[in-house]
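Colleague:
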Amino acid sequence: MFRALFLGMLMGAALAQEPIRIGEYASLTGKEAAYGETSHRGTILAIEELNARGGLLGRPVELHTEDNQSKQGESATAVKRLISHDHVVALLGEVSSIRSLEAAPVIQNARLPMVAPASVNARVTEVGDYIFRVCFVDSFQGGVLAKFAREHLHLRRVAILTSVSNAYSVGMARIFKESFANGAGAIALERKYSEGDKDFRAQLTTIKSSGADALFIPGYYTEAALICVQARQLGLTIPIFGGDGWDAPALVEIGGAAVEGTFFSTHYSPDNPSPEVRDFNTRYQARWGKQPDAWAALGYDSASVLGDAIRRAESIDPAKIRDALAATRNYPAVTGRITIDSHRNASKSAVILTVKNGKSQFVESVAP
Numbered sequence: 002m003f004r005a006l007f008l009g010m011l012m013g014a015a016l017a018q019e020p021i022r023i024g025e026y027a028s029l030t031g032k033e034a035a036y037g038e039t040s041h042r043g044t045i046l047a048i049e050e051l052n053a054r055g056g057l058l059g060r061p062v063e064l065h066t067e068d069n070q071s072k073q074g075e076s077a078t079a080v081k082r083l084i085s086h087d088h089v090v091a092l093l094g095e096v097s098s099i100r101s102l103e104a105a106p107v108i109q110n111a112r113l114p115m116v117a118p119a120s121v122n123a124r125v126t127e128v129g130d131y132i133f134r135v136c137f138v139d140s141f142q143g144g145v146l147a148k149f150a151r152e153h154l155h156l157r158r159v160a161i162l163t164s165v166s167n168a169y170s171v172g173m174a175r176i177f178k179e180s181f182a183n184g185a186g187a188i189a190l191e192r193k194y195s196e197g198d199k200d201f202r203a204q205l206t207t208i209k210s211s212g213a214d215a216l217f218i219p220g221y222y223t224e225a226a227l228i229c230v231q232a233r234q235l236g237l238t239i240p241i242f243g244g245d246g247w248d249a250p251a252l253v254e255i256g257g258a259a260v261e262g263t264f265f266s267t268h269y270s271p272d273n274p275s276p277e278v279r280d281f282n283t284r285y286q287a288r289w290g291k292q293p294d295a296w297a298a299l300g301y302d303s304a305s306v307l308g309d310a311i312r313r314a315e316s317i318d319p320a321k322i323r324d325a326l327a328a329t330r331n332y333p334a335v336t337g338r339i340t341i342d343s344h345r346n347a348s349k350s351a352v353i354l355t356v357k358n359g360k361s362q363f364v365e366s367v368a369p
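The numbering of the sequence shown is this note's numbering, which starts it at 2 and goes up by one.
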């Protein structure tokens with residue numbers, strides 16, 4: 002298992018202080034590495050900037066990272082090591098909901114605070130009062146996409162292709178169906194696949210004959226891109242759209258021309274004109290030589306919100322950090338001003354992007 006230790010070094014007396022250890026578990030290799038790598042880079046940038054400002058409570062911050070290799074079961078193993086071996090005081094969770102759901106019970110039982118950057122399944126924070134996130138949840142995103150489908154795309158009959166082995170996909174499909182129906186829309190039919198599937202022609206053939214005027218794919222970028230390719234090969238020309246699981250450069254790398262004109266919701270757009278976004282783009286590009294995506298921004302925000310909570314708690318006692326996280330109000334994050342609600346979720350809006358000329362472009366901001 003990959004292990005990394007990152008310490009943003011400080012000058013002067015702070016070097017003599019015992020560091021504050023923060024743990025991170027992420028998919029740095031394997032199927033979902035495109036998410037984990039960029040989130041990790043955002044986290045590193047946030048830790049570097051914290052230390053450049055003098056650390057937290059007069060002490061340097063030390064980031065301990067475990068790679069779960071995008072494999073089932075590895076996240077629980079990773080956080081056990083971070084807790085028992087590295088003695089971290091708090092953890093930064095996964096981009097993937099399914100990985101955070103594996104690890105969160107271990108973290109809750111250890112009574113340590115966790116902040117997930119992008120785990121949008123509602124059940125993640127339901128694990129317990131030490132589990133937080135800086136992203137919106139499936140119910141919010143499902144509602145946003147239903148509203149976008151009705152009001153922007155003017156859709157009336159939508160087909161859904163859901164990954165039954167992915168809690169993220171199942172949850173978003175359920176909320177979309179409810180929200181779309183409440184707005185007088187109809188679900189033409191729903192078909193299913195499993196993570197790792199590569200042939201979707203049977204489902205797409207049925208969808209093509211259903212009379213649906215669009216296809217919603219609440220899944221991850223690998224399968225979404227392959228589905229788009231096979232849909233276009235079968236002559237399915239209707240609009241195709243999805244959620245933040247599509248938001249990775251690999252969507253275009255895999256899908257090519259087939260993903261042109263598709264839409265997806267996400268947490269962040271580098272085209273957003275806000276000062277916070279422009280500033281973050283400049284700093285991230287200077288550090289990593291590339292433009293940040295939503296996962297980089299959310300990784301940055303998860304570490305920043307946690308750092309702000311430790312500062313306000315004036316303590317590394319996990320219960321006090323938890324209480325400070327719960328009291329977060331109107332924090333000026335890169336992905337929008339974050340208020341943590343009573344369910345430990347972030348309250349903020351979403352953005353819609355489209356793929357044009359091989360690149361993601363901002364369409365609009367949407368709240369349900």
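Ideal placement from N, C-alpha and C gives every residue a C-beta, glycine not left out.
Here's a check: name, in chain order, each residue in its chain whose Cβ is nearer than 7 Å to the Cβ of G13, leaving out the five neighbours to either side.
Modeller: Against the sequence shown, residue 13 aligns to sequence position 12. Bear in mind that the predicted position of G13 carries a pLDDT of just 43, short of 50, making it too unreliable to give a figure here.
Colleague: Exposed or buried, what is A310 when buried is set at 16 or more other beta-carbons lying within 10 Å of its beta-carbon?
Modeller: Looking up residue 310 in the sequence shown gives position 309. Looking at its Cβ environment, which holds 16 or more other Cβ atoms inside 10 Å, A310 is buried.
Colleague: Along the chain, where does the alpha helix (DSSP H) containing A77 start, and where does it finish?
Modeller: As a first step, residue 77 must be located in the sequence shown, where it is residue number 76. A77 -> alpha helix (DSSP H) spans E75 to S85.
Colleague: Roughly how many angstroms lie between the CA atoms of V367 and S85, to the nearest whole one?
Modeller: Numbered from its first residue, the sequence shown carries residue 367 at position 366. Numbered from its first residue, the sequence shown carries residue 85 at position 84. Distance between the alpha carbons of V367 and S85: 42 Å.
Colleague: Taking DSSP as the reference, what is the three-state secondary structure of I239?
Modeller: Numbered from 1 along the sequence shown, position 238 holds the residue referred to as residue 239. The answer is coil: DSSP assigns I239 none of H, G, I, E or B.
Colleague: Quick one: residues in its chain with C-beta nearer than 6 Å to the C-beta of A232, no 5 flanking neighbours on either side, listed in chain order?
Modeller: One-based indexing of the sequence shown puts residue 232 at position 231. Excluding residues within five positions, the ones whose Cβ falls inside 6 Å are L205.
Colleague: Quick one: Cα of V356 to Cα of E196, how far?
Modeller: In the sequence shown, counting from the first residue as 1, residue 356 sits at position 355. In the sequence shown, counting from the first residue as 1, residue 196 sits at position 195. When rounded, the distance between both Cα atoms is 23 Å.
Colleague: Report all residues from its chain with a CB closer than 8 Å to the CB of L307; omit the five preceding and five following residues, and keep chain order.
Modeller: For the purposes of this step, residue 307 is taken as residue 306 along the sequence shown, with counting starting at 1. Within the same chain, L307 has close Cβ partners I23, A91, L93, P114, V116, I322 and L326.
Colleague: Name, in chain order, the residues that DSSP records as bridge partners for M115.
Modeller: Position 114 of the sequence shown, counting from 1, holds the residue named residue 115. Bridge partners of M115: L92 and I132.
Colleague: If you compare alpha carbons, which of P219, L83, I132 and E277 is closest to S343?
Modeller: For the purposes of this step, residue 343 is taken as the residue at position 342 of the sequence shown. Cα-wise, what sits closest to S343 is I132.
Colleague: How would you call S1, buried or exposed, if buried means at least 16 neighbouring beta carbons within 10 angstroms?
Modeller: The structure shown does not extend to residue 1, since the chain is modelled only from 2 to 369, so the question has no answer here.
Colleague: Measure the C-alpha to C-alpha separation of G43 and Y36 and round it to an integer number of angstroms.
Modeller: Here residue 43 refers to the residue found at position 42 when the sequence shown is read from its first residue. Here residue 36 refers to the residue found at position 35 when the sequence shown is read from its first residue. Roughly 11 Å between the two C-alpha positions.
Colleague: Compare the beta carbon distance of T223 and L354 with 9 Å and say whether it is the shorter of the two.
Modeller: Along the sequence shown, read from residue 1 onward, the residue named residue 223 stands at position 222. Along the sequence shown, read from residue 1 onward, the residue named residue 354 stands at position 353. Cβ atoms of T223 and L354: not closer than 9 Å.
Colleague: Which residues bound the beta strand (DSSP E) around Q18?
Modeller: Taking the first residue of the sequence shown as 1, we reach residue 18 at position 17. Q18 -> no beta strand (DSSP E), and no H or E assigned at all.
Colleague: Is the CB-CB distance between G257 and G243 below 9 Å?
Modeller: Taking the first residue of the sequence shown as position 1, residue 257 is located at position 256. Taking the first residue of the sequence shown as position 1, residue 243 is located at position 242. No; because the gap between Cβ atoms is not below 9 Å, this pair is not in contact.
Colleague: Could you check how far apart the C-beta atoms of T39 and D294 are, in whole angstroms? I think they sit under 8 Å.
Modeller: The residue you call residue 39 lines up with position 38 of the sequence shown. The residue you call residue 294 lines up with position 293 of the sequence shown. Confirmed, about 5 Å.
Colleague: Would you mind working out which of L190, W289, E254 and V278 sits nearest D302, comparing C-alpha positions?
Modeller: As a working mapping, residue 302 is identified with position 301 in the sequence shown. It is V278.
Colleague: Cα separation between I239 and S180?
Modeller: Counting from one through the sequence shown, the residue named residue 239 turns up at place 238. Counting from one through the sequence shown, the residue named residue 180 turns up at place 179. If I take the Cα positions, the gap works out to 21 Å.
Colleague: Kindly indicate which residue of P20, A189 and S348 has the alpha-carbon position closest to the one of Y332.
Modeller: The count along the sequence shown starts at 1 and reaches residue 332 at position 331. Selected option, being the one with the closest Cα: S348.
Colleague: Skipping 5 residues on each side, what residues in its chain have a beta carbon closer than 8 Å to that of K360?
Modeller: Taking the first residue of the sequence shown as 1, we reach residue 360 at position 359. Around K360: V253.
Colleague: Please report how far the alpha carbon of P319 lies from the alpha carbon of V89, in whole angstroms.
Modeller: Numbered from its first residue, the sequence shown carries residue 319 at position 318. Numbered from its first residue, the sequence shown carries residue 89 at position 88. Straight-line Cα distance between these residues: approximately 10 Å.
Colleague: Helix, strand or coil for Y194, going by three-state DSSP, please let me know.
Modeller: One-based indexing of the sequence shown puts residue 194 at position 193. Strand.
Colleague: Secondary structure at A160, three-state DSSP: helix, strand or coil?
Modeller: Here the question's residue 160 lines up with position 159 in the sequence shown. A160 falls in the strand class under three-state DSSP.
Colleague: Quick test of your reading: D130 and I176, contact by CB under 8 Å. State the CB separation rounded to the nearest angstrom.
Modeller: Residue mapping note: residue 130 aligns to position 129 of the sequence shown, counting from 1. Residue mapping note: residue 176 aligns to position 175 of the sequence shown, counting from 1. That belief does not hold up - the Cβ atoms of D130 and I176 are roughly 24 Å apart, past 8 Å.
Colleague: With respect to the beta strand (DSSP E) encompassing E365, which residues constitute its N-terminal and C-terminal limits?
Modeller: Looking up residue 365 in the sequence shown gives position 364. From DSSP, the beta strand (DSSP E) with E365 extends over K360 to V367.
Colleague: Would you call S270 buried or exposed, if buried means 16 or more other Cβ atoms sit within 10 Å of its Cβ?
Modeller: Within the sequence shown, residue 270 is the residue found at index 269, counting from 1. Label assigned to S270: buried.
Colleague: Please check the pair Q362 and D245, which I expect to be a contact at CB under 8 Å, by giving their CB distance rounded to whole angstroms.
Modeller: Here residue 362 is taken as the residue at index 361 of the sequence shown, counted from 1. Here residue 245 is taken as the residue at index 244 of the sequence shown, counted from 1. Incorrect: roughly 16 Å between the Cβ atoms, too far for contact.
Colleague: Whole alpha helix (DSSP H) runs in the stretch 236-275 with 4 or more residues, listed along the chain?
Modeller: For the stretch 236-275, whole alpha helix (DSSP H) runs of length 4 or above, ordered along the chain, are 251-256.
Colleague: By the three-class DSSP mapping on this structure, what secondary structure does V165 have?
Modeller: For the purposes of this step, residue 165 is identified with residue 164 of the sequence shown, where counting begins at 1. Residue state, collapsed to three classes: coil.
Colleague: Between which two residues does the beta strand (DSSP E) holding T30 run?
Modeller: As a first step, residue 30 is located in the sequence shown; it is residue number 29 there, counting from the start. Unbroken run through T30: none, as it is neither H nor E.
Colleague: Using the Cα positions of R312 and G55, report the straight-line distance between them to the nearest angstrom.
Modeller: Within the sequence shown, residue 312 is the residue found at index 311, counting from 1. Within the sequence shown, residue 55 is the residue found at index 54, counting from 1. About 12 Å.
Colleague: Out of R112, C136 and N183, point me to the one whose CA is closest to N122's CA.
Modeller: What you label residue 122 is simply residue 121 of the sequence shown in a count that begins at 1. Looking at the Cα atoms, C136 is the closest of the given residues.
Colleague: So what's A123 in DSSP terms, helix, strand or just coil?
Modeller: Position 122 of the sequence shown, counted from the start, is the residue given in the question as residue 123. A123 falls in the coil class under three-state DSSP.
Colleague: Using only the alpha-carbon positions, how far apart do K32 and A251 sit?
Modeller: The residue given as residue 32 occupies position 31 in the sequence shown. The residue given as residue 251 occupies position 250 in the sequence shown. Approximately 11 Å between the Cα atoms of the pair.
Colleague: Give a yes or no on whether the C-beta atoms belonging to Q70 and L6 are separated by under 9 Å.
Modeller: Along the sequence shown, one-based indexing puts residue 70 at 69. Along the sequence shown, one-based indexing puts residue 6 at 5. Contact: no.
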